[in-house]
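S.K.:
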Amino acid sequence: MSDSGDVRKLTVDLGLLQKYNRPGPRPANSRTAPHFHSGFGPADFCREIIETNAADDAPDLSLYFHFPFCRSLCSYCGCTVVVTQETERIDNYLDDMKKEIDLLAGLIRPDRKAVQLQWGGGTPTYLSPVQIRDIFGYICSRFTVADDAEIGVEIDPRCLSSDHLSTMRDLGFNHVCFGVQDFDPQVLEAVNRVQPEALTRQVIGESRSLGFDSISVDLIYGLPYQSARSFSKTLHKIIDISPDRLAVFRYGHTPRLKKHQLILEKYPMPDLDERMKMLKTIIETLTDAGYVYIGMDHFAKPEDTLAQALKSRTLYRNLQGYGTHAGTDLHGIGLTSISQLHNVFAQNTKSTSDYNDAVELGRMPTSFGCRLDEDDKLRGHVVRELICNNRINKKSIEEQFGVDFDSYFSDSIRRLHDFIADDLVRLSTDRIEVSDKGRPLIRHIATVFCRRLRG
Ligand code: SF4
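For the numbering used here, count along the sequence shown from 1 and bump the result up by 1.
Now the structure itself:
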């Protein structure tokens with residue numbers, strides 16, 4: 002079996018995509034947000050932070066900051082957003098966020114470094130450069146940020162000035178991720194996100210001149226008017242722009258949860274077969290252009306740190322996606338943000354007024370979460386090994402968790418039968434490996450090892 006970090010074109014078997022396709026989570030662990038419950042609250046979370054913090058080997062930190070504000074609503078959006086034109090609301094939110102930062106920083110030893118900071122949303126660049134400078138300075142005054150920290154921000158090119166970019170570069174941001182979704186004007190108009198190609202090219206060019214270490218682009222497939230053929234044109238334009246990383250997400254149509262998505266039903270949408278063809282086109286076109294297939298929805302240039310981590314088998318995935326900082330405690334700050342520690346998940350409230358009430362009272366705004374048992378941790382580890390390294394070393398799992406792999410996972414191994422018969426997975430006495438053919442289906446293969454995700 003070849004090394005999954007190699008650069009080469011992958012060929013995708015459409016029949017196998019169609020055979021195994023079924024909806025499900027993009028797993029990063031044995032639990033996802035739907036498993037969280039309201040019985041886990043601020044006191045549980047604080048207790049866990051304090052216990053983790055007391056350990057001599059308390060891990061470094063990854064910090065995620067959620068800025069929920071957007072100027073207008075894209076019809077496909079699945080995030081927690083606040084559409085507003087009132088800048089005062091942003092100022093109030095930033096004041097609340099500072100209070101949450103104080104609460105968390107008060108529980109964290111200063112020798113624990115923040116090695117990764119990520120700003121997401123919403124639209125972080127809906128903040129003015131002055132607001133960005135202010136909240137970033139506040140974060141740095143409360144946490145010890147490592148000199149070589151990876152500091153990233155999600156950017157909506159429609160909500161960005163040269164001043165924003167130079168301010169963020171000046172502050173030390175080194176990764177920028179641009180929301181593009183598609184270049185087809187008909188698609189963008191249907192989803193209420195008119196974003197000219199020239200604008201995207203311009204802001205990426207400016208970022209390159211400012212010397213950001215890594216430039217990333219997000220695309221979405223499965224939107225109205227898209228087809229494998231039309232999306233192929235967008236992919237070729239993106240290849241010409243040459244970002245360091247690409248994430249190509251599949252649109253999740255959930256109008257029951259996100260009512261505004263209903264509006265998309267008046268447009269022609271690609272059916273399941275077309276979406277499978279699109280996935281095949283995406284993987285084959287990008288790997289043919291020299292991008293390394295990192296896994297699930299991510300691609301990177303061979304010299305990018307994600308591709309390097311894949312090659313050296315140090316890639317990691319948490320709720321923020323693929324990354325290179327394995328073993329850190331992830332703390333999510335701001336509305337709806339999720340924290341992931343060794344033993345628990347904790348999610349902040351989704352209501353701005355509840356968020357304000359909690360931090361005003363000096364209480365963590367945690368409203369959901371869960372505690373992981375030993376089985377969750379073991380299965381979470383196996384899931385991550387598969388989605389990051391495409392293989393499981395049974396002996397290493399047995400040593401780390403004190404189980405007999407084959408008997409502990411006998412049910413999962415039995416469920417691998419069809420994948421093995423189709424040469425997507427290879428099973429030996431000491432290993433389980435995912436073949437190149439199996440990599441586009443890694444989500445389905447990994448899910449076999451976790452009863453909660455299967456459920
Ligand atoms: S800019 Fe992003 S977060 Fe805001 S509505 Fe559009 S997709 Fe959602």
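The beta-carbon is built from N, C-alpha and C at its ideal position, and this holds for glycine as well.
To the nearest angstrom, how far is it from the Cα of Glu-386 to the Cα of Lys-312?
M.R.: Cα-Cα distance, rounded: 13 Å.
S.K.: What are the complete alpha helix (DSSP H) segments, minimum 4 residues, inside the region 231–268?
M.R.: Counting whole runs of 4 or more residues, the region 231–268 contains no alpha helix (DSSP H) stretch at all.
S.K.: What residues are listed by DSSP as bridge partners for Ser-340?
M.R.: For Ser-340, which the question treats as bridged, DSSP gives the partners Ala-347.
S.K.: What residues match up with Lys-281 in a beta bridge as DSSP calls it?
M.R.: DSSP lists no partner for Lys-281.
S.K.: So what does DSSP say about Gln-182, is it helix, strand or coil?
M.R.: Strand, per DSSP.
S.K.: Using three-state DSSP, classify Tyr-222 as helix, strand or coil.
M.R.: Three-state result, Tyr-222: strand.
S.K.: For Gln-262 and Arg-113, what's the separation of their Cα atoms in angstroms?
M.R.: Approximately 42 Å between the Cα atoms of the pair.
S.K.: Quick one: using the 10 Å Cβ neighbour count with 16 as the cut-off for buried, is Pro-197 buried or exposed?
M.R.: It is exposed - the Cβ of Pro-197 has fewer than 16 other Cβ atoms within 10 Å.
S.K.: Out of Cys-389, Pro-111 and Asn-93, point me to the one whose CA is closest to Leu-128's CA.
M.R.: Nearest C-alpha to Leu-128: Asn-93.
S.K.: Classify Gly-439 as helix, strand or coil using the three-state DSSP reduction.
M.R.: In this structure, Gly-439 counts as helix in the three-state DSSP scheme.
S.K.: Using the Cβ count rule (16 or more neighbours within 10 Å means buried), how would you classify Lys-396?
M.R.: With fewer than 16 Cβ atoms within 10 Å of its Cβ, Lys-396 is classed as exposed.
S.K.: Note down the Cα distance separating Lys-10 from Asn-357, rounded to an integer number of angstroms.
M.R.: The straight-line gap from Cα to Cα measures roughly 50 Å.
S.K.: Let's test the definition: count the other Cβ atoms within 10 Å of the Cβ of Met-2 and tell me whether it reaches 16, buried, or not, exposed.
M.R.: Here the model assigns Met-2 a pLDDT of 46, short of 50, so the residue's position is not dependable, and the following value carries that caveat. Exposed, since its Cβ has fewer than 16 Cβ neighbours within 10 Å.
S.K.: Which residues does DSSP list as the beta-bridge partners of Ile-156?
M.R.: DSSP lists Phe-179 as partners of Ile-156.
S.K.: Let's see if you can read the secondary structure: which residues bound the alpha helix (DSSP H) around Asp-103?
M.R.: Start and end: 88–106.
S.K.: What's the C-alpha gap between Ser-243 and Gly-173?
M.R.: Between Ser-243 and Gly-173, the C-alpha separation is close to 23 Å.
S.K.: In this structure, does DSSP put Asp-305 in helix, strand or coil?
M.R.: DSSP places Asp-305 in coil when its eight states are reduced to three.
S.K.: Can you look up Ile-39 in the DSSP assignment and give me helix, strand or coil?
M.R.: One point to set straight first is that residue 39 is Ser, not Ile, in the sequence displayed. DSSP places Ser-39 in coil when its eight states are reduced to three.
S.K.: Measure the CB-CB distance between Arg-257 and Arg-276 and report whether it falls below 8 Å.
M.R.: Not closer than 8 Å, so no.
S.K.: Nearer than 7 Å: is that true of the beta carbon of Val-82 relative to any heavy atom of the ligand SF4?
M.R.: Answer for Val-82: yes, Cβ within range of the ligand SF4.
S.K.: Using a Cβ-based criterion (distance less than 7 Å to any ligand heavy atom), does Gly-123 qualify as near the ligand SF4?
M.R.: Yes.
S.K.: Give the range of the beta strand (DSSP E) segment to which His-332 is assigned.
M.R.: Where His-332 is concerned, the enclosing beta strand (DSSP E) stretches over 330–334.
S.K.: Beta carbon of Asp-458: closer than 7 Å to some heavy atom of the ligand SF4?
M.R.: Since the displayed the chain opens at 2 and closes at 456, residue 458 lies outside it and no answer follows.
S.K.: Which word fits Ala-310, buried or exposed, when buried means at least 16 other C-beta atoms lie within 10 angstroms of its C-beta?
M.R.: Buried.
S.K.: Consult DSSP for Leu-18 and reduce its assignment to one of helix, strand or coil.
M.R.: Note: Leu-18 maps to helix in three-state DSSP.
S.K.: When you compare the CB positions of Ile-50 and Leu-95, do they come within less than 8 Å of one another, or not?
M.R.: No.
S.K.: How long is the line joining the alpha carbons of Ala-290 and His-299, rounded to whole angstroms?
M.R.: One C-alpha to the other measures close to 14 Å.
S.K.: Assuming Leu-200 contacts Pro-269 under a Cβ cut-off of 8 Å, what Cβ separation, rounded to an integer in Å, is found between them?
M.R.: Wrong, their Cβ atoms sit about 26 Å apart, outside the cutoff.
S.K.: Please identify the residue among Leu-104, Lys-281, Tyr-21 and Gly-223 whose C-alpha is closest to the C-alpha of Ile-446.
M.R.: If we check each option's Cα against that of Ile-446, Tyr-21 comes out closest.
S.K.: Less than 8 Å separating the beta-carbons of Val-426 and Val-435?
M.R.: The answer is yes: Cβ separation under 8 Å.
S.K.: Per DSSP, Val-133 forms a beta bridge with which residues?
M.R.: In the sequence as displayed, the identity of residue 133 is Ile instead of Val. Bridge partners of Ile-133: none, in fact.
S.K.: Below 8 Å, how does it come out for the region 51–68 and the region 320–333: are there three or more Cβ pairs, yes or no?
M.R.: Segments in contact, yes.
S.K.: Kindly indicate which residue of Ser-39, Leu-17, Leu-18 and Thr-12 has the alpha-carbon position closest to the one of Gly-370.
M.R.: Gly-370 has its Cα closest to that of Ser-39, out of Ser-39, Leu-17, Leu-18 and Thr-12.
S.K.: Going by other Cβ atoms of all chains shown within 10 Å of its Cβ, with 16 needed for buried, is Val-195 buried or exposed?
M.R.: The residue in question, Val-195, is exposed, as its Cβ has fewer than 16 Cβ neighbours within 10 Å.
S.K.: What does Ala-115 pair with, by DSSP beta-bridge criteria?
M.R.: Partner(s): Leu-62 and Val-146.
S.K.: Judging by CA-CA distance, which residue of Val-218, Phe-184, Leu-307 and Asp-57 is the nearest neighbour of Tyr-1?
M.R.: Past the boundaries of the shown model lies residue 1; the chain is included only from 2 to 456, so the question cannot be answered.
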